[in-house]
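Encoded as structure tokens, the structure appears first; notes follow it.
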Amino acid sequence: MAGHSQFKNIMHRKGRQDAVRAKLFSKLGREITVAAKAGLPDPDMNPRLRLAVAAAKAQSMPKDNIQRAINKAAGGDTENYEEVRYEGYGPGGVAIIVEALTDNRNRTASAVRSYFTKSGGALGETGSVGFMFNRVGEIVYPAKAGSADKVLEAAIEAGAEDCESSEESHVVTCAFEDLNEVSKALEASLGEPESVKAVFRPNVTTALDEEKATSLMKLLDSLDEDDDVQNVHGNYEISEEVMAKLG
């Protein structure tokens, strides 16, 4: 019976992982389609599409899926997605920015507002928390890409602004408008990155205790589960001790 239970647990875990991956691929595919529709369907001629494809490759999205998402835009048989940004305050006064791609603004706004309200937070007006963040480009490489000195040198050569290395990874930061060029230069010297994306990096942070951190995690999970939500950025700071308690 133990073996049978273990088999069931493994299958349940695998099923959940497959579902998470499918949702991720769906979101990446939507960004590729929107990027291809907004410009040329050629990544070499469309910087936004190139970044979307790079992000998809970094998550091991199959080439067929990527090409299908591009073809969907070229064929004109896709929904008209709008880019929408929501800003608000989560548990403990944490500033949060939510980026979405939606074909129904009312549906998405209603859903996002409900997530904030249920967590004890509140959705605000556009610009209500944006001033607490800087829009930057972020390129992440695994630690095996090279030594800290090697990656730092490559980052400087590529025109990046900063590079932070740890035991797990190298995180290269550049100006938002330089992300396409810097990522191309790094790929030429270091190979394909783990991720390439534009992020909102906080210039001030808010520390959370265990209770508020628990509420925040529930909010982030709800946002992540929503098909329309593409990216979520926050200025929260959670200590290692609290994170350990949260598991």
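Here this note's numbering is used: the sequence shown runs in plain steps of one and ends on residue 272.
Note that the Cβ used here is the ideal one computed from N, Cα and C, for glycine as well.
In the DSSP assignment, the residues bridged to P167 are S194. Its chain contains S190 as the residues whose beta carbon lies nearer than 6 Å to that of A173, once the 5 sequence neighbours on both sides are disregarded; these appear in chain order. By the Cβ rule, the region 181-197 counts as touching the region 154-168, because three or more pairs are nearer than 8 Å. Short of 8 Å from the beta carbon of L76, and not among the five residues preceding or following it, lie these beta carbons of its own chain, in chain order: A60, L204, N205, S208, V221, K222, A223.
When C-alpha distances from V119 are compared across S240, V109, E178, E219, the shortest belongs to S240. The residue among G117, I91, K48, A79 with its C-alpha nearest the C-alpha of L211 is A79. For V229, same chain residues with a beta-carbon under 7 Å away, outside a window of 5 residues either side, are M157, N260 in chain order. The Cβ atoms of Y114 and G155 do not sit closer than 8 Å to each other. CA-CA distance, G117 to K48, rounds to 29 Å.
Going by C-alpha positions, F50 is about 32 Å away from A232. In the structure shown, the three-state DSSP call for D67 is coil. Around the beta carbon of S144, 16 or more other beta carbons lie within 10 angstroms, which makes this residue buried. Going by C-alpha positions, I91 is about 33 Å away from F141.
Of the residues V45, R110, K88, the one whose Cα lies closest to the Cα of I57 is K88. In this structure R226 is exposed. Its beta-carbon is surrounded by fewer than 16 other beta-carbon atoms within 10 angstroms. Closest option to G100, judged by alpha-carbon separation, among V109, G146, L65: L65.
Rounded to whole angstroms, the Cβ separation of Y106 and T127 is 6 Å, and the two are in contact under 8 Å. Ranking R73, E236, V123 by CA distance to the CA of S153 puts V123 first. Note on geometry: alpha-carbon atoms of G216 and E108 lie some 31 Å from one another. Assigned with DSSP and collapsed to three states, V119 falls in coil, not helix or strand. Judged by beta-carbon spacing, D251 lies beyond the 8 Å limit of A134, meaning their Cβ atoms are not closer than that value.
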